[in-house]
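J.: What follows is a single structure, and I will ask about it in a moment.
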């Protein structure tokens, strides 16, 4: 049985990823910060195992690791993230919010990758996926949203570095832009639905190999400039 681990699984892209993989009869570890409030996640049918996780808390990650143990993980999706609030321009910078954004979007995914790297190695051909954003592309950068943009640029580089080592262990490591999606973060006027985004994401994941390790791809499988 293929095992998938998904962070931020209680809503949006994470919830839809959980629904998809559960419908394909995969074993899914669905992680979220507050399981007691995750009614939509609880309603997903299939082999779904919901666990509490705060990626900014090392103790929370350790508890999760103890719960899962040494079980091989075939697909690991760092999906959880935050936008960072509205005070992201010079003259109104909230540096505490910036630190929280980095803790969640950058350091959290790296902590998770480190903690569960043995589980990925234990799988035959594991895939480590981090949901990033086009807003993390330096070449595509524009004004504003400093907290969010820099956190995504940083996690892109972190995963690019990890990819070099992971490839030697037969682990494919990429970062992905899911598109501008109609989620709580993307807003109702975004270009694509959650279903369209996830259909693309899972198609890309199913087709990648270690040849693709270190790439920055969108949900259509197209490369994005760093």
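Residue numbers (my numbering): 65 to 290. Even for Gly, the Cβ is constructed at its ideal location relative to N, Cα and C. Computed from a predicted structure; not experimentally measured.
Considering only their Cβ atoms, is the gap separating residue 249 from residue 268 smaller than 9 Å?
T.: no
J.: Inspect the beta-carbon positions of residue 187 and residue 136 and report whether they are closer than 9 Å.
T.: yes
J.: With distance defined between alpha-carbon atoms, name the residue in 99, 110, 78 and 95 nearest to residue 89.
T.: 110
J.: Between which residues of its own chain and residue 176 is the CB-CB distance below 8 Å, once the five residues before and five after are set aside?
T.: Contacts found: 71, 119, 125, 140 and 142.
J.: Report the residue ranges of all beta strand (DSSP E) runs contained in full by the segment 106-152; include only those spanning at least 3 residues, in chain order.
T.: 112-116 and 139-142
J.: Based on the DSSP secondary-structure assignment, which residues constitute the bridge partners of residue 192?
T.: The partner list for residue 192 (beta bridge, DSSP) reads 140 and 237.
J.: Cutting at 7 Å between CB atoms, please list the residues of its own chain near residue 217, excluding the five before and the five after it.
T.: 200 and 202
J.: Along the chain, where does the alpha helix (DSSP H) containing residue 83 start, and where does it finish?
T.: 76-87
J.: Express the C-alpha separation of residue 112 and residue 194 in angstroms, rounding to a whole number.
T.: 20 Å
J.: Rounded to whole angstroms, what is the Cα-Cα separation between residue 147 and residue 284?
T.: Between the C-alpha atoms of residue 147 and residue 284 there is a straight-line separation of about 23 Å.
J.: Have a look at 280, 97, 179 and 257 and flag the residue whose alpha-carbon is nearest the alpha-carbon of residue 76.
T.: 257
J.: Residue 93 and residue 66 - do their beta-carbons sit closer together than 9 Å?
T.: no
J.: Here's a check: name, in chain order, each residue in its chain whose Cβ is nearer than 8 Å to the Cβ of residue 104, leaving out the five neighbours to either side.
T.: 74, 75 and 79
J.: Among 174, 237, 172 and 154, which residue has its Cα nearest to the Cα of residue 274?
T.: 237
J.: Per DSSP, what are the beta-bridge partners of residue 253 in this structure?
T.: Per DSSP, none; premise fails for residue 253.
J.: Report the option in 271, 244, 95 and 270 whose CA atom is closest to the CA atom of residue 259.
T.: Each of 271, 244, 95 and 270 was checked against the Cα of residue 259, and the nearest Cα belongs to 244.
J.: Figure out for me which residue from 279, 98 and 219 has the closest Cα to the Cα of residue 191.
T.: 279
J.: Only counting the same chain, and skipping five residues up and downstream in sequence, which positions put a Cβ closer than 6 Å to that of residue 224?
T.: The residues are 278.
J.: If you run the structure through DSSP and keep just helix, strand and coil, what is residue 180?
T.: Coil at residue 180, not helix or strand.
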